[in-house]
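Participant:
Numbering (the numbering used here), first residue to last: 5 to 235.
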């Protein structure tokens with residue numbers, strides 16, 4: 005079953021429980037609009053497919069998903085980004101697009117414990133906090149910052165930018181890549197099957213590297229330091 009809601013225009017259907025929070029700012033030809041809403045459907049996956057803008061995802065004790073969008077654009081309303089929200093089965097999908105390319109959308113998202121998170125952004129910083137579900141994060145240009153992670157599976161890639169990841173619990177699989185930038189993974193004590201590679205940069209491995217370990221860690225950079233460190 006699929007339910008669609010367009011937040012940049014009318015709000016339709018039962019997917020969202022709205023907080024009534026919408027604020028418009030006019031800053032000359034620079035415009036900004038903020039909207040917040042709740043998604044009460046039973047979900048197992050968050051899937052964000054964004055153009056330009058920063059994304060912050062935080063796990064909390066709430067039962068549903070809370071989303072705050074900040075839209076940025078220049079010019080008149082015709083240049084404002086369009087955002088769409090859809091519940092597709094057990095997945096909440098967030099999308100946005102810029103009519104003329106000169107706009108962006110920032111997301112701040114609170115999710116329930118254990119939700120799988122998938123982020124795909126054209127550009128912008130991805131920030132992940134205290135997530136315990138599986139994570140896949142990809143940005144064409146921008147940093148990826150993740151802390152206090154309890155997830156068992158973490159995959160992250162940026163074309164250009166730094167990746168900084170810190171785990172609070174031992175993961176089963178970590179795969180971190182950057183085309184240009186430093187990549188740092190901090191792990192709890194234990195043995196890991198570590199692969200650290202860099203085309204141009206320094207390589208540092210502080211944890212116990214054991215090829216027979218059941219937990220695998222890959223850190224790869226095209227240009228930049230590759231580090232697998234203790235906390």
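C-beta: ideal position from N, C-alpha, C; glycine also.
Looking at the structure shown, is residue 27 part of a helix, part of a strand, or coil, going by DSSP?
Facilitator: Position 23 of the chain shown, counting from 1, holds the residue named residue 27. Residue placement at residue 27 is flagged as unreliable, the pLDDT there being 49, under the threshold of 50; the coordinate-derived value follows with that caveat. The answer is strand: DSSP assigns residue 27 an E or B state.
Participant: Buried or exposed: which applies to residue 56, given that a residue is buried once 16 or more other Cβ atoms fall within 10 Å of its Cβ?
Facilitator: One-based indexing of the chain shown puts residue 56 at position 52. It is buried - the Cβ of residue 56 has at least 16 other Cβ atoms within 10 Å.
Participant: Residue 50: buried (16+ other C-beta within 10 angstroms of its C-beta) or exposed?
Facilitator: Along the chain shown, one-based indexing puts residue 50 at 46. With 16 or more other Cβ atoms within 10 Å, it is buried.
Participant: Which stretch, first to last residue, makes up the beta strand (DSSP E) that contains residue 219?
Facilitator: Residue 219 sits at position 215 when you count from the first residue of the chain shown. Run containing residue 219: none; DSSP gives neither H nor E here.
Participant: Counting only runs of 3+ residues fully inside the region 131-159, write out the beta strand (DSSP E) ranges in chain order.
Facilitator: With a minimum length of 3 residues, the continuous beta strand (DSSP E) runs that stay inside the region 131-159 are 139-145 and 148-153.
Participant: If we count the other Cβ atoms within 10 Å of its Cβ and call it buried at 16 or more, is residue 80 buried or exposed?
Facilitator: Along the chain shown, read from residue 1 onward, the residue named residue 80 stands at position 76. So residue 80 counts as exposed.
Participant: In terms of residues, what are the limits of the beta strand (DSSP E) holding residue 124?
Facilitator: Mapped onto the chain shown, residue 124 falls at position 120. Taken as a continuous stretch (DSSP letters only), the beta strand (DSSP E) holding residue 124 covers 120-127.
Participant: Give me, in chain order, the residues of the same chain whose beta-carbon lies closer than 6 angstroms to that of residue 222; leave out the 5 immediate sequence neighbours on both sides.
Facilitator: As a position in the chain shown, residue 222 is number 218, starting the count at 1. Taken in chain order, the residues that qualify are 179 and 199.
Participant: Could you check if residue 106 is buried or exposed, using at least 16 other CB atoms within 10 Å of its CB as the buried criterion?
Facilitator: For the purposes of this step, residue 106 is taken as the residue at position 102 of the chain shown. Exposed, because fewer than 16 other Cβ atoms sit within 10 Å of the Cβ of residue 106.
Participant: Nearest to residue 103 by CA position, among 78, 58 and 227, is which residue?
Facilitator: Translated into the one-based positions of the chain shown, residue 103 becomes position 99. Of the listed residues, the one whose Cα sits closest to residue 103 is 78.
Participant: Which class does residue 197 belong to by DSSP, given the choice of helix, strand or coil?
Facilitator: Within the chain shown, numbered from 1, the residue matching residue 197 stands at position 193. Looking at residue 197 - three-state DSSP - the assignment turns out to be strand.
Participant: Given this structure, state the Cα-to-Cα distance separating residue 191 from residue 34, to the nearest angstrom.
Facilitator: As a working note, residue 191 is residue 187 in the chain shown. As a working note, residue 34 is residue 30 in the chain shown. About 42 angstroms.
Participant: Counting only the same chain and skipping the five closest in sequence on each side, list residues whose C-beta sits under 8 angstroms from that of residue 138.
Facilitator: For the purposes of this step, residue 138 is taken as the residue at position 134 of the chain shown. Closer than 8 angstroms at the Cβ level, and outside the excluded window around residue 138, lie 120, 121, 155, 156, 157 and 158.
Participant: Just to confirm the assignment: which complete beta strand (DSSP E) runs, minimum length 3, are found wholly within the region 86-113?
Facilitator: Counting whole runs of 3 or more residues, the region 86-113 contains the beta strand (DSSP E) stretches 86-92 and 95-101.
Participant: Taking only three categories from DSSP, how would you classify residue 55?
Facilitator: As a working mapping, residue 55 is identified with position 51 in the chain shown. Of the three classes helix, strand and coil, the one that applies to residue 55 here is strand, per DSSP.
Participant: Here's the rule: buried if 16 or more other CB atoms are within 10 angstroms of the residue's CB, otherwise exposed. What is residue 92?
Facilitator: Walking along the chain shown from the start, residue 92 turns up at place 88. Exposed is the call here.
Participant: If you measure between the beta carbons of residue 162 and residue 110, is that distance less than 8 angstroms?
Facilitator: The sequence position of residue 162 within the chain shown is 158, counting from 1. The sequence position of residue 110 within the chain shown is 106, counting from 1. It is not a contact, given that the beta carbons lie outside the stated cut-off.
Participant: Determine the contact status of residue 62 and residue 133, defining contact as a CB-CB distance below 8 angstroms.
Facilitator: The sequence position of residue 62 within the chain shown is 58, counting from 1. The sequence position of residue 133 within the chain shown is 129, counting from 1. Yes, Cβ-Cβ distance for residue 62 and residue 133 is below 8 angstroms.
Participant: Could you pull the DSSP bridge partners for residue 184 from this structure?
Facilitator: Against the chain shown, residue 184 aligns to sequence position 180. Answer is 164 and 227, bridged to residue 184.
Participant: So for residue 213, helix, strand or coil by DSSP?
Facilitator: By 1-based counting over the chain shown, the position of residue 213 is 209. Note: residue 213 maps to strand in three-state DSSP.
Participant: How close, in whole Å, do the beta carbons of residue 182 and residue 225 come, if the pair is a contact with beta carbons under 8 angstroms?
Facilitator: As a position in the chain shown, residue 182 is number 178, starting the count at 1. As a position in the chain shown, residue 225 is number 221, starting the count at 1. That belief holds up - the Cβ atoms of residue 182 and residue 225 are roughly 5 angstroms apart, short of 8 angstroms.
Participant: What is the C-beta distance between residue 152 and residue 172, in whole angstroms, given that I count them as a contact (C-beta under 8 angstroms)?
Facilitator: The residue given as residue 152 occupies position 148 in the chain shown. The residue given as residue 172 occupies position 168 in the chain shown. Contact flag correct, Cβ pair sits at about 5 angstroms.
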